[in-house]
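Down below is the structure, laid out as structure tokens.
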Amino acid sequence: MKKSARFDKNKVILGIAAPVLAIVAALLITSVIILATGKDPLHAYAVMLDFGSKSDSQVWIINKAVPYYLSALAVAIGFRMNLFNIGVDGQYRIAAFFAAVVGGALTLPGFLQIPLIILVAMLVGSVWAGIAGLLKTTRGVSEVITTIMLNAIAAAVIGYFLQDGRLAVKDGNLFHTPSLPASSHFFSIPTQPAPLDGFLVVAVVVGFAYWFVLNRTRFGFDLRTVGQSESAAEAGGVGVKRMIVTSMLLSGAAAGLIGMPTLLGESYNYGTDFPIGIGFTGIAIALLGRNHPVGMAAAALLWGFLERTGTQLEFEDYQQEIVGVMQGVIVLCVVVAYELVRRYGLRLQQRQVGAELAAQARKTEKAEVSS
Amino acid sequence: MELRGITKRFPGVVANHDIDITIRRGTVHALVGENGAGKSTLMKILYGMQKPDEGTIGIDGERVSFHSPADAIARGIGMVHQHFMLADNLTVLENVVLGGEKLHGIGGKARTEILKISERYGLGVRPDVLVEDLGVADRQRVEILKVLYRGARTLILDEPTAVLVPQEVDALFDNLRELKAEGLTVIFISHKLGEVLSVADDITVIRRGTTVASVVPGETTPKQLAELMVGSELPSPQTRESTVTDVEMLKAEGLRLSTADAEGVERIVLDDVSLTIHKGEVLGIAGVEGNGQAELVEAIMGMRDPDSGTITLDGSDISRLPTRTRREDGIGYIPEDRHRHGLLLEAPLWENRILGHVTEKPNAKGLLLDLKAARADTERIVAEYDVRTPGIEVTAASLSGGNQQKLIVGREMSHHPKLLIAAHPTRGVDVGAQAQIWDQIREARREGLAVLLISADLDELIGLSDTLRVMYRGRLVADADPATITPEELGSAMTGAATGHLTVSEDGPAEGRTEEGGSE
Amino acid sequence: GESSTEAGGKDKGVGLAFDVGGRDDHSFNEAAARGVDKAQKDFGVKSKMMTAKNGETEADREQRLSSLAEAGYNPVIGVGFNYGKSVNKVAKQFPKTTFGVVDSPSQAKNVYGMVFAENEASYLAGVAAALKSKTHKVGFIGGVNNALIQKFQAGFEQGVKETDPKAKVTSEYLYANDDKGFNDPAAAKGKAKGMLDAGIDVIYTAAGQSGNGSIETVAGKKGTWAIGVDSDQYLQPGLAQYKNSILTSVMKNVDVAVYDLVQSVHDKKPLTGNKSYTLKDNGVRLSTSGGFIKDIQAKIDAAKKKIASGQVKVSDTPAKQ
Amino acid sequence: MSTNLTAPVDQSPQHHKPKTPRAKLSYPKVLLIVSGSLILLSLLRVITGATNLTESGQYTAALNAAVPIGLAGLGGLWAERSGVINIGLEGMMMLGAFSAGAVGWQHGPWAAAAAGILGGALGGLLHAVVTVTFGVDHIISGVAINIMALGLTQFLAKLWFGADGSAAAAAGGNDKQSPPMPDMPTFTVPGLSHWLSAVEQHHWFLVSDVAGIAGSLVTNVSWLTVATAVVFVLTFFVLWRSPFGLRLRSCGEGPIAAESLGVNVYRYKYAAVVVSGALAGLGGAFLAIYVHIYQDGQTGGRGYIGLATMIFGNWRPGGVAMGAGLFGFMDALQLRGGGPTVHALLLLLAVLLVGLALWKLRGGQRIQAAISLAAAALLAVWYATTDTVPLEIVGVAPYIATLLVLSLAAQRLRPPKAIGKIYRRGQGK
Ligand SMILES: Nc1ncnc2c1ncn2[C@@H]1O[C@H](COP(=O)(O)OP(=O)(O)OP(=O)(O)O)[C@@H](O)[C@H]1O
Ligand SMILES: Nc1ncnc2c1ncn2[C@@H]1O[C@H](COP(=O)(O)OP(=O)(O)OP(=O)(O)O)[C@@H](O)[C@H]1O
Ligand SMILES: [Mg+2]
Ligand SMILES: [Mg+2]
């Protein structure tokens, strides 16, 4: 027991080492860049920390982090399977679009309409992701490439229907789907100075479900097995192909949720101004949070923080674009740091195991000698 | 050539410890030692692929240090690796000239040269075939040609015979003698002592990473050599009393499987295979690798879908069931390649204990995992099967091969299988663990387990099996009685030279009866 | 912690929030900036200008506007219809600040919505195109097929048809609904080349930055004309080498509108409500630099008079084919 | 460029596995295919009146659209032939486009191209460090590089092009774009170009069509396009006909085998990935040079499309060129109001499907034949009941085509064996 405690402690230290290493490296690199532009990096960080800790900033950051987090979850479901779902972006957009179309066409009471809209989104998202899953299992086409193609096709489908006289209406200079009835507006959490998005609750629940299913259920074990070794999973009785399709479907369903905070809590329709690109942000956040539900939450909040406070930098004569550099550097440092720490950890453990076994062997030898 | 005080450590293992060897020019020098003794590591050091932590290499009295194989090649050393080093998607020509492009270019001149060498040593190599399309023996000849092409004067052959049948071994040895006659030096690794004694001029024995003896073939017997190798009496795989019952446990009938390759060409890998294993019986299958054994195992495990045929386990048809259900129904599986099929290398031991049995007790309760019970049971396996580990939280990758294998055996046995499929159960496992695994298989057999045993180690196969079958090109072509058969006789059937029921004939090797092939 | 909106600030001047093109986009962002620059020269107000990123959400735009308002800028102006919603929302949080939004009407009480009759000026461009075309084939290239650009198309088509009933107008868009269309000169190059190959000899491009590509292409073929948009593209430094092919430009006087608003706030009589800048009051017009339309100026003026008087009503949605 | 359509694999004679000879495209066959397609296109043009099909302007536009995609695809090919997946092509293109813009406005288009190569190569170097030296998963590294390149180019653009009062701003730069640079010179084969264009005007069957297509190749072609063609041919010779290329490919097929023969695998992977970045960077530079400026978002996902063309092209230069050509052709169609042309192509597709159905029927594959026939019928109905195709569909056609091709042919593709696998020196056991 004592021994495993030591291995656990090592694991925790190594687990923290990677992100710390990465953040330190990223801060250093960013500082050098800011210095090179002839400005003071420390002041920039101070401005960001100060502005980021304001209460309205915090609300903003959390609200911003919710879709990011959902997106990261969608990506992470694939990652845990060694599947690279680059198509989360297309999936959430097409999902939100058709959910908005269905929602705009119906006027049911909220307790029916809201779940219905969410369900439609999850369904459409999983269908779109499922295409990639099916093509991978039946035709052996890499999901990386199919999801990239499907992103473009999703954009074209939306573009086709999002026109006056097709599925959209004209509103000033915008086209959007007919707005949802008031019954399908999602609740928000009344906080000061601004309300928190009610979808935060959904995000937390989905995050917990993600953790629970992966770590505590047979299904989750199977899924992780496939991610670690497809061949071992197959020999262990996991239907790998079915698992690939299933997890693509799940990933797509999770992707379907990404657009919901916006649709149900803010825009109430899908228009030409519906946010794009969250799927790609999700990849960065999943990498950063190491596919761990808590890690990804932290990463999503960090992303929100950077975006919130980046704008403020403009008032102090810094370029807000430095935030983009920071994001890129952090992700890059993190993936390198994780890999280094992982390999170091593995070697360390091998060495420890070797040393410990040798010590055991010596002890038994001694015991034999002395007896 | 002299190796002095070579020491090489890997994380957790000392692969070589203070090794001293002298190799005379123009001889065949054999290096013997059990699995994991450190033979390959030593040769990789000599070939510049790994750097020794300590020690020196001298060639013709001159001290050398190799930073990469290129340095060794420049010194006229060439190596044929235990696991072939060929790029499947490249042609034979490309594989041969790679790295030696300066010699004859990569075009017509190189082709001429290859054909010339091939002819001179009777290798029969075709330069423009994709390596992917070659069989094992052909690949080995390509490897040898690769080395000769570079004008090597010293050839290292790491276990060249492991995948060859005796007849192919003879052909190889003819080649080696030819080389020796040309004044080349050959270093030859094997743990097949008969071979070694027949071809070597000098023999060095390595045990646990260090040289324990240098002997001359004329002055030693296989038994002495073996004892030098393991440092004690050889463990024997011999099974004593028969426990075979007449209750059929596994019955496969008319299994047929074909696969399509990249070009869409159908290839038949299992051709009308039928077999029966009874309770308490060990059925051994002999065959050169790549003749369908792996596919047979995968078909029985449900990892491949045969085109036709039925599989019955304990009276119920399992032909259409998925792998998981077959496992739940009582098939245990010790895979051929434990890293690919048996373990999650970066997961802790207790997760590896769940692998393959996630739906079964004690791992699961309903749809949820029962982590506590799984951990406790892992502790039990570790204790019962003598898995040497500091704890169950360490990753499988940090255990040595033998201990990994013991964990797998323990795991599979813990679910009281009706049928155990053991593919090369002791491959790459040290002698101590080997004996334990044999014991476990024997004991389970006594309790009525049926075992399908596949092994390249013919001694193991003959020693453990109650019944022997030979597989050749996807067919079961011959059967034999392990009590009377010898490895040589088995070998001739493995090349397809003999079929039917193998009996020992008076003069020389086995002669198959001329009747229709071995499948019933 | 404390809310950032509580920190407060004094009157700092004009806060200008641009669309993705940014201050020097040679288009309407630049025009807005010009208005502010003029105000600065005339009565010394200071300013802060911030630019949107690609792929922004409402939250980002709201933050930009409220940061400006919070820091004490007044008026705060969102340039581009993308700010339509966010200006309304933020204006409620800062009732003492005056907001402005270009290209979008607004209902909030402290917001000045500035919209332009692009269709009217485009009508005149259509008149000019019809008169100048020798092949009786003219083309319209829109950046993105949205309602705003459709106004340009509608006016242009109507102007051509009512001047030369024989003329054929080909109207095409670079992208159906991807904002990339305002930022893809390569695509406009290809489109314009296709039109020229089809015998079209006057091309009117309403596609922001992308328009440069089409102007360049038109300049490569003798005897053809390009019509520019938003600002007087004849005078634009980046297009100097093609200026002799720029017949005229349809100008939106965003600078005038912005100047009006800044001045009104400076005079403590802030403008609110919506104002449509039309041909009649020179809110939109046709540029004359280069003098290429001198010969047809009379006909253009006549058309302008008809529109100003209401005799001709210019549609803001294209006629369905 | 058609030389590399010839697969360098040979038939394997007497052999224990039944093997059919691998398909080999000889020169006569290639010629036959090319002339057959030309005749089909001409026929189609005459029948449907879709002049775009063989118009020289169409092919000029297609070529311009295809070049950056092709360069990205070729970049992908270099990296993947050495076993490194490069999904960071998009980021490397961004770096290339940005560098071109940063240098071009002061030093002209040739310097811009050189800068683009350098910028992309730096991105490639970063990818090599992260994947080869640090052993990070290739896709993850690529994604990280894309994020990083986006941030960096936006930051630097604001700093260098848009700074108030800077020379760049005065020359027309702003936060999102560089100041304009001079034209890249083009070449026109003097008499020929004119003559071909004259022939094209006659709309003679086949003759004018050939003249149209040929005309696009000799009229106002950017030297950069010529350079790209040279790079394609060079790539084939370097990778398939030189020792360097053999070593590089061996790193993608069997790095451990290569290592055992003294090939410094790290070095070749580095070289390949840097070249990969350089090519992507040149693709990005082409984009900037073509419109005289660097713009934020200029690459517009072409790096990803390049990757698709590489897979589509079976990791061979000729295939990449064809894939890029397809995307370029469709892009050009979309720009040039290609609705009627794509509409015409529906008919062609229907006819081809009928042919396929007959062929399958002969081979006894009834179900596939029926499916093909049904699809052909649907297309024919679509063709008959409409007279154009919405532009959205034209734009999306290459993506759908890629999906279809990949799903029909994925099993026949031969990616390098060790692609995407992390290789560590001395890992061979
Ligand atoms: N790259 C490596 N990293 C860690 N351990 C290694 C490595 N290579 C070999 N070993 C270990 O070193 C020891 C000696 O291995 P080696 O391959 O030299 O044995 P061998 O005598 O060739 O055995 P075999 O007969 O199985 O080929 C083994 O315990 C092996 O697990
Ligand atoms: N005398 C020789 N005998 C046999 N092979 C040789 C000889 N000289 C060169 N070679 C082969 O030619 C290869 C290339 O030699 P070269 O000097 O280019 O190596 P290198 O530059 O170290 O290789 P790399 O550039 O791949 O790292 C060597 O790796 C070796 O295989
Ligand atoms: Mg070995
Ligand atoms: Mg060299």
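Chains as they are written, first to last, in our numbering: chain A, 18 to 388; chain B, 297 to 816; chain C, 265 to 585; chain D, 212 to 640. In this text, a Cβ means the ideal position worked out from N, Cα and C, and glycines have one as well. Given the structure is predicted, the values throughout are model-derived calculations rather than measurements.
Take A:Q180, set aside five residues on each side of it, and the residues of its chain with a beta-carbon closer than 7 Å to its own are F192, in chain order. According to DSSP, C:K432 shares a beta bridge with C:K401. Following the DSSP letters along the chain, one finds C:Y506 in no beta strand (DSSP E), marked with neither H nor E. For a Cβ distance threshold of 9 Å, nothing in chain B lies close to A:L31: the least Cβ distance comes to about 12 Å.
Separation of the CB atoms of D:L255 and D:L558 is rounded to 7 Å, and the pair is thereby assigned contact status at 8 Å. A straight-line Cα-Cα distance of about 8 Å links B:P721 and B:I733. When CB distances to chain D are screened at a threshold of 7 Å, the residues of the stretch 285 to 303 of chain A falling below it are I300, A301, in chain order. When secondary structure is reduced to three states using DSSP, B:S486 falls in the strand class. Looking at D:I258, D:G281, D:L251, D:L242, the one whose alpha-carbon comes closest to that of D:S487 is D:G281.
For A:W320, the number of other beta carbons within 10 angstroms of its own is at least 16, and it is reported as buried. Of all residues in the stretch 333 to 366 of chain C, only A335, F345, N346, G348 place a beta-carbon less than 7 Å from a beta-carbon of chain A.
Chain C places a beta carbon closer than 9 Å to that of D:D386, counting this residue as a contact. Shown here for C:P449: same chain residues with a beta carbon closer than 6 Å to its own, the five before and five after excluded, namely S474, N476, G477 in chain order. In the DSSP assignment, D:W415 falls outside any beta strand (DSSP E) and carries neither an H nor an E. Per DSSP, the continuous alpha helix (DSSP H) segment holding C:K415 begins and ends at 411 to 427.
Residue pairing of B:I630 in beta bridges, as defined by DSSP: B:A718. Straight across, the Cα-Cα distance linking B:Y445 with A:A249 is about 39 Å. B:L764 and B:L772 have their alpha carbons spaced roughly 10 Å apart. A direct Cα-Cα distance of roughly 18 Å separates B:A672 from B:N699.
Looking from the CA of D:I356, the closest CA among D:G517, D:H338, D:R573, D:N385 belongs to D:H338. In the DSSP assignment, B:H797 forms a beta bridge with B:D775. When the Cα atoms are used, B:T621 and B:L609 turn out to be separated by approximately 12 Å.
A check of alpha carbon separations from C:N318 across C:F446, C:I560, C:S368 identifies C:F446 as the nearest. Unbroken alpha helix (DSSP H) stretches of 4 residues or longer found wholly inside the stretch 487 to 539 of chain C: 518 to 530, given in chain order. Straight-line spacing of the CA atoms in A:W77 and C:L388 works out to 47 Å. In the DSSP assignment, B:A326 falls within the unbroken beta strand (DSSP E) covering 324 to 328. Counting other Cβ atoms within 10 Å of its Cβ, A:P310 reaches 16 or more and is therefore classed as buried. Residues of the stretch 620 to 639 of chain B with a C-beta atom less than 7 Å from some C-beta of chain A are R620, R623, Y629, P631, R636, H637, G638, L639, listed in chain order.
Only those residues of the stretch 89 to 121 of chain A whose C-beta falls short of 7 Å from the nearest C-beta of chain D are listed: F101. When the five nearest sequence neighbours on each side are left out, the beta carbons in the same chain lying within less than 7 Å of the beta carbon of B:L493 are those of P513, P518, in order along the chain. Think of a sphere of 8 Å around the beta carbon of D:L363: the chain A residues whose beta carbon falls inside it are G341, V342, G345, in chain order.
When 7 Å is used as the limit between beta carbons, D:T613 is near these residues of chain A: M166, in chain order. As computed with DSSP, B:H574 is found in a beta bridge with B:E544. Neighbours of A:V370 in chain B, taken as residues whose beta carbon is under 8 Å from its own, are G308, T685, P686, V690, S694, L695 in chain order. Contact check between the stretch 215 to 223 of chain A and the stretch 433 to 445 of chain C: fewer than three CB pairs, one atom from each, fall below 8 Å, which does not count as touching. As computed with DSSP, C:F282 is found in a beta bridge with C:T315.
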